[in-house]
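S.K.: Counted from 1, the sequence shown has number 136 at position 68 by our numbering; the numbering is strictly sequential.
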Amino acid sequence: MMSSEEVRAALLIEQKNEITGHMIYKKLSKRIKDRHNSDVLMRISEDELRHYEQLKALTKMEVSPNRLRVWFYTFLSLIFGLTFGIKLLERGEDQAQLKYSELINQEDVIQKILKDEEVHEQELIGMIDEERLNYIGSVVLGLNDALVELTGALAGYTFAFQNTKIIALTGLITGISASFSMAASEYLSSVQEESEDARKTAQKSALYTGIAYVITVMLLITPFLLIPNPFISLLVTLLVAVLIIFAFNYYISVAKDVPFKKRFVEMALISLGVSGISFLVGVLVKTLFGIEI
69 MMSSEEVRAA LLIEQKNEIT GHMIYKKLSK RIKDRHNSDV LMRISEDELR HYEQLKALTK
129 MEVSPNRLRV WFYTFLSLIF GLTFGIKLLE RGEDQAQLKY SELINQEDVI QKILKDEEVH
189 EQELIGMIDE ERLNYIGSVV LGLNDALVEL TGALAGYTFA FQNTKIIALT GLITGISASF
249 SMAASEYLSS VQEESEDARK TAQKSALYTG IAYVITVMLL ITPFLLIPNP FISLLVTLLV
309 AVLIIFAFNY YISVAKDVPF KKRFVEMALI SLGVSGISFL VGVLVKTLFG IEI
């Protein structure tokens, strides 16, 4: 059983979390165009404020919101999308629910707040309809293909050419050509009907695939443009590839509620495995044909 001082300290922490959540949801509700989503966020913001007032009645103290946290989640939602920002915020609220459960026998009002928090999560999950998540399959296609194909190609080029400028130029030509090819393939595979809506959807799928591919290509080639030693460049490129895989899979795990570790390890092993095989192919080709550049 927690002492009265421990309960009060915990309530003050949660009181601060509630007023901070109120500010975050309020700001987000004003920044999104969808009226339904905006209304839901505003209602949740008002609930958070009510929770704050209920806790204030217990603690007899005013607390100010965490301004840095308000700015952080608002910024995160604007850059990476409303879904990602809110889901990440909800993970924090899940931790808050665990703290509430420790106090549930202390105050009846805590039980009411806990039930409201559970309703919030369900409303948020049901309300989100974000375009970028509707086309996440196309992004995955472009990202995966670029990582596997280009890391492998750059590894092979590294031993075959051993010249960073030539490797970068060859990789850029390979990557850009492949991005157009992949985007065209995605468009053709996505067009199922002759309707205008179907064509627009296919065009957007192709665009997301192509953009993801090109961005990945540029990130992977950059080390060869900045570092004169080709083998060090390759190591940095492989590190960049792992960081891209980590960041992307973390984003998906938060936004889509899917496991992170398994997907990250699988993508990383495939990408690095193909790079290793391609490097050996480059060694074999150069040895067999005696090519010197």
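The beta-carbon is built from N, C-alpha and C at its ideal position, and this holds for glycine as well.
These numbers come from a predicted model, not from an experiment.
What is the rounded straight-line gap between the Cα of residue 384 and the Cα of residue 86?
M.R.: Any answer about residue 384 is impossible in this case: the structure gives the chain only from 69 up to 361.
S.K.: Excluding the five sequence neighbours on either side, which residues of its own chain have a C-beta within less than 6 Å of the C-beta of residue 220, listed in chain order?
M.R.: Position 152 of the sequence shown, counting from 1, holds the residue named residue 220. So the list reads 342, 343, 346, once near-sequence residues are dropped.
S.K.: Would you say the region 127–144 touches the region 88–102, given that touching needs at least three Cβ pairs under 8 Å?
M.R.: These segments touch.
S.K.: Taking DSSP as the reference, what is the three-state secondary structure of residue 328?
M.R.: Within the sequence shown, the letter at position 260 stands for residue 328. Looking at residue 328 - three-state DSSP - the assignment turns out to be coil, as it is neither helix nor strand.
S.K.: Return yes when the Cβ of residue 252 is within less than 7 Å of the Cβ of residue 293, no when it is not.
M.R.: Reading the sequence shown from its first residue, position 225 is the one you call residue 293. Reading the sequence shown from its first residue, position 184 is the one you call residue 252. Cβ distance not < 7 Å, so residue 293 and residue 252 don't count as in contact.
S.K.: Can you give me the Cβ contacts of residue 145 inside the same chain, cut-off strictly under 8 Å, excluding the 5 residues immediately before and after it?
M.R.: Here residue 145 is taken as the residue at index 77 of the sequence shown, counted from 1. 96, 99, 152, 153, 154, listed in sequence order.
S.K.: DSSP three-state call for residue 322: helix, strand or coil?
M.R.: For the purposes of this step, residue 322 is taken as the residue at position 254 of the sequence shown. Correct three-state label for residue 322: helix.
S.K.: Taking residue 281 and residue 213 to be in contact with their CB atoms under 8 Å, please state how far apart those CB atoms are, rounded to whole angstroms.
M.R.: As a first step, residue 281 must be located in the sequence shown, where it is residue number 213. As a first step, residue 213 must be located in the sequence shown, where it is residue number 145. 7 Å between Cβ atoms; contact.
S.K.: Going by beta carbon distance, what residues of the same chain come within less than 8 Å of residue 88, once the five residues before and after it are set aside?
M.R.: Translated into positions along the sequence shown, residue 88 becomes position 20. Taken in chain order, the residues that qualify are 133, 134, 137, 138.
S.K.: Can you tell me whether residue 104 is buried or exposed, with buried defined as 16 or more other CB within 10 angstroms of its CB?
M.R.: Taking the first residue of the sequence shown as position 1, residue 104 is located at position 36. Exposed, since its Cβ has fewer than 16 Cβ neighbours within 10 Å.
S.K.: Alpha carbons only, please: which of 329, 208, 107, 78 is nearest the one belonging to residue 123?
M.R.: What you label residue 123 is simply residue 55 of the sequence shown in a count that begins at 1. It is 78.
S.K.: From residue 291 to residue 91, what does the alpha carbon distance come to, in whole angstroms?
M.R.: Counting from one through the sequence shown, the residue named residue 291 turns up at place 223. Counting from one through the sequence shown, the residue named residue 91 turns up at place 23. Each residue's alpha carbon lies about 42 Å from the other.
S.K.: For a minimum of 4 consecutive residues, which ranges assigned as the alpha helix (DSSP H) are wholly contained in the region 120–162?
M.R.: Complete alpha helix (DSSP H) runs here, min 4: 135–148.
S.K.: Report yes if the CB atom of residue 328 is closer than 7 Å to the CB atom of residue 321, and no otherwise.
M.R.: Numbered from its first residue, the sequence shown carries residue 328 at position 260. Numbered from its first residue, the sequence shown carries residue 321 at position 253. Contact flag set, yes.
S.K.: Identify, in the order they occur along the chain, each residue of the same chain with its Cβ nearer than 6 Å to the Cβ of residue 348, setting aside the five sequence neighbours on each side.
M.R.: As a position in the sequence shown, residue 348 is number 280, starting the count at 1. Hits under 6 Å: none found.
S.K.: Just how far apart, CA to CA, sit residue 230 and residue 244?
M.R.: As a first step, residue 230 is located in the sequence shown; it is residue number 162 there, counting from the start. As a first step, residue 244 is located in the sequence shown; it is residue number 176 there, counting from the start. If I take the Cα positions, the gap works out to 21 Å.
S.K.: When you compare only the Cα positions, how much space is there between residue 157 and residue 302?
M.R.: By 1-based counting over the sequence shown, the position of residue 157 is 89. By 1-based counting over the sequence shown, the position of residue 302 is 234. Their backbone Cα atoms lie some 37 Å apart in a straight line.
S.K.: Looking only at its own chain, which residues have a Cβ that is under 6 Å from the Cβ of residue 295, when we skip the five neighbours before and after it?
M.R.: As a first step, residue 295 must be located in the sequence shown, where it is residue number 227. Cβ neighbours of residue 295 beyond the five flanking positions: 301.
S.K.: Hey, residue 289 and residue 240 are a contact pair by Cβ (cut 8 Å); roughly how many whole angstroms apart?
M.R.: For the purposes of this step, residue 289 is taken as the residue at position 221 of the sequence shown. For the purposes of this step, residue 240 is taken as the residue at position 172 of the sequence shown. With 8 Å as the limit, residue 289 and residue 240 qualify as a contact, their Cβ atoms being about 6 Å apart.
S.K.: Leaving aside the five residues before and after residue 313 along the sequence, list all residues of the same chain whose C-beta is less than 8 Å from its C-beta, in chain order.
M.R.: Sequence index remark: in the sequence shown, residue 313 carries index 245 (1-based). Cβ within range, chain order: 215, 332, 335, 336, 339.
S.K.: Can you say whether residue 147 is buried or exposed, counting buried as having 16 or more other CB atoms within 10 angstroms of its CB?
M.R.: On the sequence shown, residue 147 is found 79 positions in, with the first residue counted as 1. Under this definition residue 147 is an exposed residue.
S.K.: Taking the alpha-carbon of residue 283 as reference, which of 308, 271, 111 has the nearest alpha-carbon?
M.R.: What you label residue 283 is simply residue 215 of the sequence shown in a count that begins at 1. Nearest option by C-alpha distance: 308.
S.K.: In angstroms, rounded to a whole number, what distance separates the CA positions of residue 233 and residue 117?
M.R.: Start at 1 with the first residue of the sequence shown, and residue 233 comes out as number 165. Start at 1 with the first residue of the sequence shown, and residue 117 comes out as number 49. Spanning the two alpha carbons is a distance of roughly 58 Å.
S.K.: On a CA-only basis, which of 150, 101, 76, 297 is nearest residue 131? Give me that one, please.
M.R.: On the sequence shown, residue 131 is found 63 positions in, with the first residue counted as 1. Of 150, 101, 76, 297, the residue nearest in Cα terms is 76.
S.K.: For residue 206, count neighbouring C-beta atoms within 10 Å of its own C-beta (all shown protein chains included) and say buried if the count is 16 or more, exposed if not.
M.R.: If you number the sequence shown from 1, residue 206 lands on position 138. Burial call: buried.
S.K.: Can you give the Cα-Cα distance for residue 129 and residue 304, rounded to whole angstroms?
M.R.: Along the sequence shown, one-based indexing puts residue 129 at 61. Along the sequence shown, one-based indexing puts residue 304 at 236. Going by the C-alpha atoms only, they are around 53 Å apart.
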